[in-house]
Structure formats: structure tokens, C-alpha cells
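> Protein chains in written order, with the UniProt record's numbering: chain A, 1 to 260; chain B, 1 to 558.
Ideal Cβ positions, reconstructed from N, Cα and C, are used throughout, including at glycine.
Values in this document were obtained by computation on a predicted structure and should not be read as measured data.
The structure is given below, and queries will be raised subsequently.
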Amino acid sequence: MCDTTKTPKVATGDRAILPEGARTIPIFVMGKKYEVPETLTIMKAMEFAGFRFLRGAGCRGGICGACPTVYRMAGDYKLHFGLACQTVVEANMYLAQIPFFPANRASFKLEEMEGVAETIHALYPELFRCVACNLCTKACPMDVDVLGYVSAMKQGNIEKAARISFDCIQCGLCASRCMGEIPQYHAAQLARRIFARYIQPQAEHLKNRVMEIEGGKYDPMLDELSGMKKEDLEARYVAREREPDLAAAGTWQPKDTSHL
Amino acid sequence: MGYTPELQELIKRVEATRPARVEMARRNEHYPALSMAERETVLSKHHPDYQADAKMAVRVGPNKGDVFQEGVARLLESRSIVRPGLVDLNKIDHETDVLVIGGGGAGTSAAIMAADGGCRVIVANKLRHGDSNTIMAEGGIQAATQECDSPYYHFLDTIGGGHFTNQRDLVAALAKDAPLSIAWLEKLGMMFNKHEDGRTVVRHCGGSSRKRLQSSGDMTGAEIMRVVRDEARNRADMITVLEFSPAIELLLDSEGKCAGAILFNMETKEFSIVKAKAVVLATGGFGRLHIKGFATTNHYGATMDGVVMAYRAGVGNKSLHSTQYHPTGVAYPEQNVGLLITEKVRGLGAHVLNIDGEQFCFPLEPRDVESAELIQEAMEKGKGIMTPTGRVGLWLDSPMIEELHGPGTVKKELPAKFIQFERHGIDISKQPMLVYPTLHYQNGGINVNGDSETILPGLYGAGEVIGGVHGENRLMGNSLQDIITFGRRAGIGAAKYVQGGVEVKDLTLDHVVKFEKELAEAGVENPAVAPIILPDYSTDEVAERRWPKALTEGVPGV
Chain A
1 MCDTTKTPKV
11 ATGDRAILPE
21 GARTIPIFVM
31 GKKYEVPETL
41 TIMKAMEFAG
51 FRFLRGAGCR
61 GGICGACPTV
71 YRMAGDYKLH
81 FGLACQTVVE
91 ANMYLAQIPF
101 FPANRASFKL
111 EEMEGVAETI
121 HALYPELFRC
131 VACNLCTKAC
141 PMDVDVLGYV
151 SAMKQGNIEK
161 AARISFDCIQ
171 CGLCASRCMG
181 EIPQYHAAQL
191 ARRIFARYIQ
201 PQAEHLKNRV
211 MEIEGGKYDP
221 MLDELSGMKK
231 EDLEARYVAR
241 EREPDLAAAG
251 TWQPKDTSHL
Chain B
1 MGYTPELQEL
11 IKRVEATRPA
21 RVEMARRNEH
31 YPALSMAERE
41 TVLSKHHPDY
51 QADAKMAVRV
61 GPNKGDVFQE
71 GVARLLESRS
81 IVRPGLVDLN
91 KIDHETDVLV
101 IGGGGAGTSA
111 AIMAADGGCR
121 VIVANKLRHG
131 DSNTIMAEGG
141 IQAATQECDS
151 PYYHFLDTIG
161 GGHFTNQRDL
171 VAALAKDAPL
181 SIAWLEKLGM
191 MFNKHEDGRT
201 VVRHCGGSSR
211 KRLQSSGDMT
221 GAEIMRVVRD
231 EARNRADMIT
241 VLEFSPAIEL
251 LLDSEGKCAG
261 AILFNMETKE
271 FSIVKAKAVV
281 LATGGFGRLH
291 IKGFATTNHY
301 GATMDGVVMA
311 YRAGVGNKSL
321 HSTQYHPTGV
331 AYPEQNVGLL
341 ITEKVRGLGA
351 HVLNIDGEQF
361 CFPLEPRDVE
371 SAELIQEAME
381 KGKGIMTPTG
391 RVGLWLDSPM
401 IEELHGPGTV
411 KKELPAKFIQ
421 FERHGIDISK
431 QPMLVYPTLH
441 YQNGGINVNG
451 DSETILPGLY
461 GAGEVIGGVH
471 GENRLMGNSL
481 QDIITFGRRA
491 GIGAAKYVQG
501 GVEVKDLTLD
511 HVVKFEKELA
521 EAGVENPAVA
531 PIILPDYSTD
541 EVAERRWPKA
551 LTEGVPGV
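Quick look at the structure:
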């Protein structure tokens, strides 16, 4: 039985601790052995071991692409890829972070482009060096079908490339594995921007609203609210009508239309 | 990996009480909600914002006498990383029109607009360009784009949500610019969720009177950041990006204008001087201070740097005592700690339970009240569940959603959460989640006006670092709008100011000298040295083995 009068040692913030009786496992950071608590992520296990990140840590939530990591298990030839903040340590894991990998990015002026694939081909001719080995897809920690979107770009299907690549966090692991030396994630970014600007229809209702705002239509209303007594503002707040949850887009109108 | 055998054993207690609880829910009976008086009590005793302990009044600077959390107050009462008298300000390393400090969504938007306004721009980043809370925002961005909506209603929703404590010119600016921000992002090639005809898909959020939340999958912030960063990279002729080079002190000129900053190259440990005609502060929030030990949803560099630097330069702040805690952050598994579990889980009927599988609160109290009740149950009553990494959590009984709404509901209604846990061997349709309140957003920040100007000529602010937009409570979707609205306004304003003709006189750190003198006169002993730049997660054992007391001088080899 543990002593109940003693405050249990509790992890605070992001600092991990080794609670009494918890198991540790050996991991090898760039070949060097450390004993760390099981269940920790690679990132927190390294911090537990005494590392302090400068590169190789960002959002710590699996979305920024700062902590791509490559690892192997002792005795196994197979390479694995993951994010240090999302991958749990395993005993006898040999790991190294690849926080940066050089990749060419082509500069462009979106406003002078058209929604055609030739634009992408001209800026990234190396796309045609792809030999479809699929190492890029295998390396992707977000399970993006990288080869799929590279192929879509080659075939001229910008929408398909944009949609397949949407979950990309631009960590660069694909580029690090590419035999054709293709900067896949930069090309995908270009495809998404071209798609959103030139292929996906633009929002007409938004254009009208922008014109109304620039014409000063709402300035008097906002001035009125800004100058109101708190009680009057509260009354207006309480009197708001709520758009029904299931109203189809652009169909519902409030009873009071004087502030639209 | 899933739950450890010890935790699986505890889950049996949850399963034991579940049938009765599900029956109760079917009869539409709930654990009683608190009365207003009881809310007050639990908030004052257990909500970190309300608790009187671990707070202090700052003794110096523009907010002298105001009460803050100790961690915040200590940084406001801190001294500089450099000895101001020993810095040679005649040796200028970079000269530019506009210096943007912080390259998240707000800073990058400001940089693009300043470049559009004909200015040369330097963006100084602490980590990589784009490492920010922007990139982590999932849900969406508010803007009154629909016919049934208008900036009038966006204003009302925002100020009501903030308990009418918001600064009104900022709310008006936000409501007015919001649709302009969406149009700007659309033109830059951001992939919004759209209907076939191009109309943006909109949803309601907590406190909205109209469906106003536009989104981009469940990674709206990441998409915004990718697009604006890519656009900034297209303007490399005007925008220079410096990474791993945070600002550590603002520079003024002899006329009292803001005129640049000292940067610190974190890799080579060198300092450099940037002389600029205007400065935009866009350093984000303070989640990584882990106030009172809370986990956070924030990125690695969220350490309040901008507020600290501005404070020494005479720019005060508002609402900084107010922090948004989300009641249900992940407490297990470790790789997800601090990340959000949406309110929707409780909306679908999941109960919050203690170690004995018992309910102790109404699951849908306001966020601040709910957070306080969880903290009370774990800390005061000791009925939390200890994880293998020494964290405390409480159960969120997601499997009962399946019983209430039918099998498959969890996966259908909470696809992202389902996958997030499944990846770590936990099926949340069959096993409950361990949760605890998590530090989410810095509601307050530095004082600016509706044009993003501070009282210091030449200094602008945008994004989470500024205060007043959200008052003491922020609505979902207004933080992403805040960064674009005020980022753009700051960039436009800075460019206009520079184009109006600015002559920077001799650079000075006299404001730091004066501030540190004030510290000494106020009797502040052992002030912290700040900005702290990055949190330190070394364990006590490691810190001890670094032999801090036995060292002759510095850390060897560094």
C-alpha cells in the first residue's frame, strides 16, 4: 500500500514523470540508449531523458509537421515513419528526427495564372521524374496518398490532386524518400491554391457582402452599437432571433430585417 | 497499447454504473445543475481565474496594482535578457521598413499587407515560419457572409459572449472586416468547404445567432496558415523570413517611437539589432506558461513574449487575468494530453464520472463552471484517476452515447476523435475517455485600438497577443477571424505610417533601464528573466543531475 498521507507525484503541464512502480523501456536516440517510461510519445520520452527541443517540436498535436521521425526496431530491416508527438515509444526502437529536409519551391504569381495543369508542370517539371515507387506514400505520417496526388498532377487532374493532398502537413518526409527528387508537398500546395482560386466556384453571396461593407452600409449600425449603454446592448442581444439549425443555406430570413 | 490493466480494472466500475445512468438519461433525468450561488462557490474555490490564491498584484508598469495569475505577474515583473547599458545599439544588423514579430496567421497576414503597401518586411519567428496556435485551430472562422446575417449580429453575438466586457471599437472592426477576410483568403486560394455553386458552408457555434462558422475540413487554421505562408514566400523580394530568431526586446528611438527589436539566433546564440520604421507585434498567447500546472492546447512557443516586451515599453494590457480553460482536454493517452475533446461529446449525452464511476456534475454547465467542478472532484475530493504518467483525469463515458443513440453513433458523429483514440488502441465507442481541463486561450492581451495601433507610435499588435476583442470569454471561430482582421489592419496601418515618412532617430533601450529601476524601487526581489522563449520540460531528476550548484561556470561545452 502506498502512503496516502503523501501527495502523489503528479505530472503537470507537459512534463512527464515516472510514477512509482511504472515500467521503463530502452529506446535508442540516434544510437544512444535511454530508459524512458512506457506509453510516452517519442517527443515526451526524449524530454524525459533530458533533451530540450529547439528544432523538432512545434504544435505537439500532430498538425504542424515540425517533428517527422524515422525509426527501426532492433533486429528488423524495416523503416517506419511518424511524428514524434504522435508516436508512442516501443522497446528497442532506434530513432532519429528529420526536422528539415531541403526541397525546391517554385515562386509564382497566383493572380496571373489559369486553372490548367500546364502551369504546375512548368513550375515543377521534376514531377515527371516520378517512377511510382510509392516510397512517398509509405513515409507519410498523415496517410496521404502522395503517389496518388503526384499522379493526378501528372495527368492534369488538379481537383483530384487538391483533394487527395488536403491533409498534408508539409513535414517533408515524402521529399526525403523521393528517388525523383520531387518536392511533392510544395507542388501539392500549388495545386490546392489553383483549385481553390480557379476551379472551385467563387462565393457570389460573399462578393455582394464585400460590396455592401465597402460601400459603408453597416458603419452606422456598428457606430450605434459601439455607442450604446450596456443595458440597451443587453436588450438587443437578448432580442436576437436564432437561425434554425436545419435551415438550408441562404433561405432563412429573420422577421426583423432592418439590420441586414 | 490502449488502457493499462490497472485502468481497465477501473473501467469496470464505470460499466457497473452505466445501465442505471443510461436508464436515467432515457427518462430525461439529469444530475442536477448548480444554482447560481453554487456556481459562484465552485468557481471561486476551484476555477483558476477566480481563485484568490496563487494570484498577485503587479507592482510596476502600466498595469500596476492589477491582479494576475502568479505566473503571468512574474513575467510582467521580469527583467531583460540583456543588460541594456552594455548593448551597442550603433551596430545595426538589419534595416527594414516593417518588422513583424511572430509569423503565425496574424503576423504573416500583416507581412503580406505591408508588402502590398510597398514596404520591405522582416518576419522574425521564434520557431519555424507558421509555428503558431493558428495552425492548430480546427473548427472554423466566423464571418457574417450569409444574407440573413450581418456585421450587426456578429457584433452582438461577440460582445454578448464576452459578457459585454469587450472593447467595442475592436468588436466593430472584427465584425466589419470578417467577410473581407474570407474574400481575401478565397482569392489567395484557400480551400473552404463549399456548396456546389461556390457558397461557403456555414454552421452555428456556441453563442451564435446566425450560422457564421466557415471552415476547411477540420483543419481550418492549418489551411489558413499554409496559404498565407505560401503567399508570403512568393513575395521573397519584399518579405525576408528569419526563423529560430525570436525578438527578446523592443527598441525605441530617442523620440519615443518604436523603432525595431533585438533578435536572438537560438542556434548560434548570437544577438542582432533590427532597425525598423514600424513594428507589428504578433507573438500569440501564453498557454505554455501552464498556469497552475494545467496542460494546454497551445503550441510549443506560446510563452507571452509580446506582452512582456510591450509592457517594458509602456504598453499595458487588458483582460489578461482571464484565461479560457476547456473542461475536457485529453488526460490519456499521453500523446494526446491537453488536446481538445469537443463539447459535442457531452452534448450527445456522455456523463462525466469519478474513479468510482459516479456522476458528480451536470455535464453541460458553462465551460468555466464545468472545469471548476472537474478540478474540485479530482483535487479536493481526491476522486480522480491516476494515469501511468502521473496525470489525473476523470472519465467521460462516451460508450453510453451508443446506448442512447444507437450503435455506430460515436464513429459517425465524432469521426476525428474516434480515429485519434483508435490510433492508440482505444475504442471510444466501447471504452470511456480520461479527461481534465486544459488551458486553451489567452483572452486578454496588449492594448490596441480598432486600427491595431498601440499608444506607442510605430507599434502595432494583432492576434492572440492583443486584448479586448473577446472580452473575458471568446466565442469559437473568432480567434481565426481576429488574426486575419487585425493582422491585415496592422500591416495596412504600418505601411501607411511608413509611407507617411518616418525618420528613426538614435536607438535606445532607456525604457528597459527605466523599467528595471522601477522594479528595484518597488522591491521586486529576484525578478524572472524574460521572455522565457521556450518552456522547460526537464524532470526534477535530470535538472538535479545537471549539478547546478556544483558548476564552476556556465554549462560546459556550451
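Between which residues of its own chain and B/Leu242 is the CB-CB distance below 6 Å, once the five residues before and five after are set aside?
Within the second sequence, residue 242 of chain B is the residue found at index 242, counting from 1. Taken in chain order, the residues that qualify are Ala124.
> Of all the residues that make up the segment 486 to 516 of chain B, which are near chain A by a beta-carbon distance shorter than 7 Å?
none
> Per DSSP, B/Arg79 forms a beta bridge with which residues?
Within the second sequence, numbered from 1, the residue matching residue 79 of chain B stands at position 79. The partner list for B/Arg79 (beta bridge, DSSP) reads B/Val529.
> Note down the Cα distance separating B/Ala25 from B/Ile239, rounded to an integer number of angstroms.
Taking the first residue of the second sequence as position 1, residue 25 of chain B is located at position 25. Taking the first residue of the second sequence as position 1, residue 239 of chain B is located at position 239. Cα to Cα, the separation comes out at about 58 Å.
> Mind checking B/His47: buried by the 16 CB within 10 Å criterion, or exposed?
Looking up residue 47 of chain B in the second sequence gives position 47. Buried, by the Cβ-count rule.
> Using 9 Å as the threshold, is the C-beta distance between A/Ala122 and B/Gly189 below it?
Here the question's residue 122 of chain A lines up with position 122 in the first sequence. Here the question's residue 189 of chain B lines up with position 189 in the second sequence. It is not a contact, given that the beta carbons lie outside the stated cut-off.
> Note down, in chain order, every chain A residue with its Cβ under 9 Å from the Cβ of B/Leu89.
In the second sequence, counting from the first residue as 1, residue 89 of chain B sits at position 89. Simply none; closest approach about 27 Å.
> Report the three-state DSSP secondary structure of A/Asn92 (helix, strand or coil).
Your numbering for residue 92 of chain A matches position 92 in the first sequence. Looking at A/Asn92 - three-state DSSP - the assignment turns out to be coil, as it is neither helix nor strand.
> If you measure from the beta carbon of A/Met221 to each beta carbon in chain B, is any gap under 9 Å?
Translated into positions along the first sequence, residue 221 of chain A becomes position 221. Yes, A/Met221 lies at the interface with chain B (some Cβ there is under 9 Å from its Cβ).
> Using the Cα positions of B/Gly461 and B/Ser538, report the straight-line distance between them to the nearest angstrom.
Locating residue 461 of chain B in the second sequence gives position 461, counting from the first residue. Locating residue 538 of chain B in the second sequence gives position 538, counting from the first residue. Cα atoms of B/Gly461 and B/Ser538: separation of roughly 33 Å, rounded to the nearest angstrom.
> Beta-carbon within less than 6 Å of A/Cys2's beta-carbon, same chain only, minus the 5 sequence neighbours each way: which residues are those?
Translated into the one-based positions of the first sequence, residue 2 of chain A becomes position 2. Its pLDDT being 34, under 50, A/Cys2 is placed unreliably by the model, and the measurement read from it follows with that caveat. Closer than 6 Å at the Cβ level, and outside the excluded window around A/Cys2, lies no residue.
> Quick check on B/Lys55: does DSSP put it in helix, strand or coil?
Counting from one through the second sequence, the residue named residue 55 of chain B turns up at place 55. Correct three-state label for B/Lys55: strand.
> So what does DSSP say about A/Pro37, is it helix, strand or coil?
By 1-based counting over the first sequence, the position of residue 37 of chain A is 37. Here DSSP, grouped into helix, strand and coil, assigns A/Pro37 to strand.
> Does B/Phe68 have its Cβ less than 9 Å from a Cβ in chain A?
Mapped onto the second sequence, residue 68 of chain B falls at position 68. B/Phe68 has a beta carbon lying at 9 Å or more from every beta carbon in chain A.
> Does chain B have any CB closer than 9 Å to the CB of A/Val150?
The residue labelled residue 150 of chain A in the question sits at position 150 within the first sequence. No, A/Val150 does not count as interfacial toward chain B.
> Can you list the residues of chain A that B/Gly102 reaches, using a CB-CB cut of under 7 Å?
Within the second sequence, numbered from 1, the residue matching residue 102 of chain B stands at position 102. Simply none; closest approach about 14 Å.
> What is the rounded straight-line gap between the Cα of A/Ala139 and the Cα of B/Lys412?
Sequence index remark: in the first sequence, residue 139 of chain A carries index 139 (1-based). Sequence index remark: in the second sequence, residue 412 of chain B carries index 412 (1-based). C-alpha separation (whole angstroms): 28 Å.
> Out of B/Pro399, B/Ile135, B/Ala52 and B/Leu459, which has the shortest C-alpha to C-alpha gap to B/Val498?
Reading the second sequence from its first residue, position 498 is the one you call residue 498 of chain B. Looking at the Cα atoms, B/Leu459 is the closest of the given residues.
> State the Cα-Cα distance for the pair B/Gly329 and B/Trp547, rounded to the nearest angstrom.
Translated into the one-based positions of the second sequence, residue 329 of chain B becomes position 329. Translated into the one-based positions of the second sequence, residue 547 of chain B becomes position 547. Spanning the two alpha carbons is a distance of roughly 36 Å.
> Identify each residue in the segment 83 to 95 of chain A for which the Cβ-Cβ distance to at least one residue of chain B is less than 7 Å, and report them in chain order.
Cys85, Gln86 and Val88
> Mind listing which residues of the segment 184 to 205 of chain A have their C-beta closer than 9 Å to chain B's C-betas, in chain order?
His186, Gln189, Leu190, Arg192, Arg193, Ile194, Phe195, Ala196, Arg197, Tyr198, Gln200, Pro201, Gln202, Ala203, Glu204 and His205
> For B/Leu551 and B/Gly103, I'd like the C-alpha separation in whole angstroms.
Within the second sequence, residue 551 of chain B is the residue found at index 551, counting from 1. Within the second sequence, residue 103 of chain B is the residue found at index 103, counting from 1. So the alpha carbons of these two residues sit roughly 37 Å apart.
> Using 10 angstroms around the beta-carbon of B/Cys258, count the other beta-carbons present and answer buried if the total reaches 16, otherwise exposed.
Residue numbering aside, residue 258 of chain B sits at position 258 when the second sequence is read from its first letter. Result: buried.
> Give me the subset of the segment 368 to 391 of chain B whose CB atoms are less than 7 Å from a CB atom of chain A, sorted by chain position.
Met386, Pro388, Thr389, Gly390 and Arg391
> Drop a sphere of 10 angstroms on the beta-carbon of B/Tyr325, count the other beta-carbons inside from all chains shown, and report buried for 16 or more, exposed for fewer.
Translated into the one-based positions of the second sequence, residue 325 of chain B becomes position 325. The residue is buried, with at least 16 neighbouring Cβ atoms inside 10 Å.
> Should B/Asn473 be flagged as near chain A, meaning a C-beta pair shorter than 9 Å?
As a working note, residue 473 of chain B is residue 473 in the second sequence. It does not; no Cβ of chain A falls within 9 Å.
> Suppose the cutoff is 7 Å on Cβ atoms and the five residues either side in sequence are ignored; what does the same chain contact list for residue 560 of chain B look like?
In this structure chain B extends from 1 to 558, so residue 560 of chain B is not present and cannot be described.
> To the nearest angstrom, report how far apart A/Glu204 and B/Thr200 are at their CA atoms.
Here residue 204 of chain A refers to the residue found at position 204 when the first sequence is read from its first residue. Here residue 200 of chain B refers to the residue found at position 200 when the second sequence is read from its first residue. Whole-angstrom Cα-Cα distance: 9 Å.
> By the 10 Å Cβ neighbour count, where 16 or more other Cβ atoms means buried, how is B/His163 classified, buried or exposed?
Sequence index remark: in the second sequence, residue 163 of chain B carries index 163 (1-based). Its Cβ having fewer than 16 others within 10 Å, B/His163 is exposed.
> Are any of the Cβ atoms in chain A nearer than 9 Å to that of B/Gly444?
Position 444 of the second sequence holds residue 444 of chain B. No, B/Gly444 does not count as interfacial toward chain A.
> Classify A/Tyr77 as buried or exposed, calling it buried when 16 or more other Cβ atoms lie within 10 Å of its own Cβ.
Position 77 of the first sequence, counted from the start, is the residue given in the question as residue 77 of chain A. So A/Tyr77 counts as exposed.
> Applying the 10 Å Cβ sphere with the 16-neighbour rule, what's the burial state of A/Ala16?
In the first sequence, counting from the first residue as 1, residue 16 of chain A sits at position 16. Buried, since its Cβ has 16 or more Cβ neighbours within 10 Å.
> So which of A/Val29, A/Ile63, A/Pro68 and A/Arg60 has the shortest CA-CA distance to A/Ser176?
Taking the first sequence and counting its residues from 1, one reaches residue 176 of chain A at position 176. Of the listed residues, the one whose Cα sits closest to A/Ser176 is A/Pro68.
> Counting only beta-carbon atoms, is B/Asn125 nearer than 9 Å to chain A?
To locate residue 125 of chain B, count along the second sequence from 1; it is residue 125. Judged by the 9 Å Cβ criterion, B/Asn125 is not in contact with chain A.
> Going by other Cβ atoms of all chains shown within 10 Å of its Cβ, with 16 needed for buried, is B/Ala143 buried or exposed?
As a position in the second sequence, residue 143 of chain B is number 143, starting the count at 1. By the neighbour-count rule (16 or more Cβ atoms within 10 Å), B/Ala143 is buried.
> Taking only beta-carbon positions, decide if A/Val29 is within less than 9 Å of chain B.
What you label residue 29 of chain A is simply residue 29 of the first sequence in a count that begins at 1. Closer than 9 Å: no.
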